[in-house]
Amino acid sequence: MELRTAASPKDVKYYTTERLREEFLVENLFKTGEITSVYSHIDRIILGAVVPVTPLLLTPGEEIRAEYFLLRREMGVINVGGEGKIKVDGTEYHLKSRDGLYIGMGAKEVIFSSEDEKNPAKFYYNSAPAHKSYPTVHIKPENCVRVELGSLEQSNHRTITKYILPGQVESCQLVMGLTSLKPGSVWNTMPCHTHDRRMEAYLYLDIPEDGLVFHYMGEPAETRHLVVRNEQAVISPSWSIHSGCGTGAYSFIWGMLGENQDFDDMDGVSMDTLR
0 MELRTAASPK DVKYYTTERL REEFLVENLF KTGEITSVYS HIDRIILGAV
50 VPVTPLLLTP GEEIRAEYFL LRREMGVINV GGEGKIKVDG TEYHLKSRDG
100 LYIGMGAKEV IFSSEDEKNP AKFYYNSAPA HKSYPTVHIK PENCVRVELG
150 SLEQSNHRTI TKYILPGQVE SCQLVMGLTS LKPGSVWNTM PCHTHDRRME
200 AYLYLDIPED GLVFHYMGEP AETRHLVVRN EQAVISPSWS IHSGCGTGAY
250 SFIWGMLGEN QDFDDMDGVS MDTLR
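The numbering used here puts the first residue of the sequence shown at 0, with every later residue one more than the last.
Take a look at the structure:
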């Protein structure tokens, strides 16, 4: 498990490009036959990926010093690859591409596998500290709350599919979903915002091999950017904006955790204050 420490905005504004990437960009998540994990001190999120060829058991690692991974944690998983299965304490869930699974605190045995080793599942997950156990739920995108925002004229026409949120799939603090831009749109979360009460992580998807996304971060008057490619993730501190502009349309999985679960609890940033 890779460890990332928290960072002060007073320091980040002096970072080089390489240092920004070391602290906030996660480049090699999806490794065939492995489970990857990145533990961030920012609200204690663990994000990672599982690409099983043979079944893989989720283990805690020394970093969280627990008997099993979800002893004091909850987890949200979204499959972005071939069909796969997740077995949670003996109960098996079959996940098609873009299906999700919420796993509550206290689940002892979590095993990931693929239906076809030549087209393996690619499970992306976010895990948050938890204080209460909620039921494990198989999440199908067609049953989720969907919101359409933006317009083609503003290059930000997008559909937000909310997987884990109060009233749909209950959790302690984790909120997760998927945003997909319409063809011809390239901007997400612009006008941008911050939310001091929670951090956020993005996994960028559906970016062609010759494409990329410029992910904008930093304080509104001290913006920086990261060049992000397909299936790479960004850790966004609560004090930072988080917005992207791509060379074409793309998708991203967002996960949030922290003080509250109110999706609309945002501090808007007016365009004239950005620098």
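Using N, Cα and C, we set each Cβ at its ideal position, and we do this for glycine too.
By DSSP's assignment, C191 forms no beta bridge with any residue. Within the DSSP bridge table, the entry for I34 names V49 as partners.
Annotation for P236: no alpha helix (DSSP H) segment contains it, and DSSP assigns it neither H nor E. The beta carbon of D266 lies closer than 8 Å to those of H192, T193, H194 and D195 in the same chain, with the five residues before and after it left out.
In the structure shown, D266 adopts extended strand secondary structure according to DSSP, grouped into three states. Excluding its 5 nearest sequence neighbours in each direction, E116 has C-beta neighbours in its own chain below 7 Å: V52, listed in chain order. Sequence-distant partners of R71 (beyond 5 residues in either direction) whose C-beta falls short of 7 Å from its own C-beta, in its chain, are A65, M104, P128 and A129. DSSP assignment within the region 66-103 yields the following whole beta strand (DSSP E) runs of 3 residues or more, N-terminal first: 72-78, 83-87, 90-94 and 99-102. Annotation for Q167: C143, V144 and K161 place their beta carbon closer than 8 Å to its own, counting only its chain and skipping 5 residues before and after. Measuring C-alpha to C-alpha distances from E62 to each of I85, S36, V49 and V87 identifies S36 as the nearest.
Between V76 and F29, the C-beta gap is not smaller than 8 Å, which leaves the two residues out of contact. Proximity of the region 86-106 to the region 146-159 falls short of the contact definition, fewer than three beta-carbon pairs being nearer than 8 Å. The distance from the Cβ of L256 to that of I44 is about 6 Å, consistent with a contact at the 8 Å cut-off. Beta-bridge analysis with DSSP links Y123 to A48 and I77. V87 and A106 have their C-alpha atoms roughly 7 Å apart.
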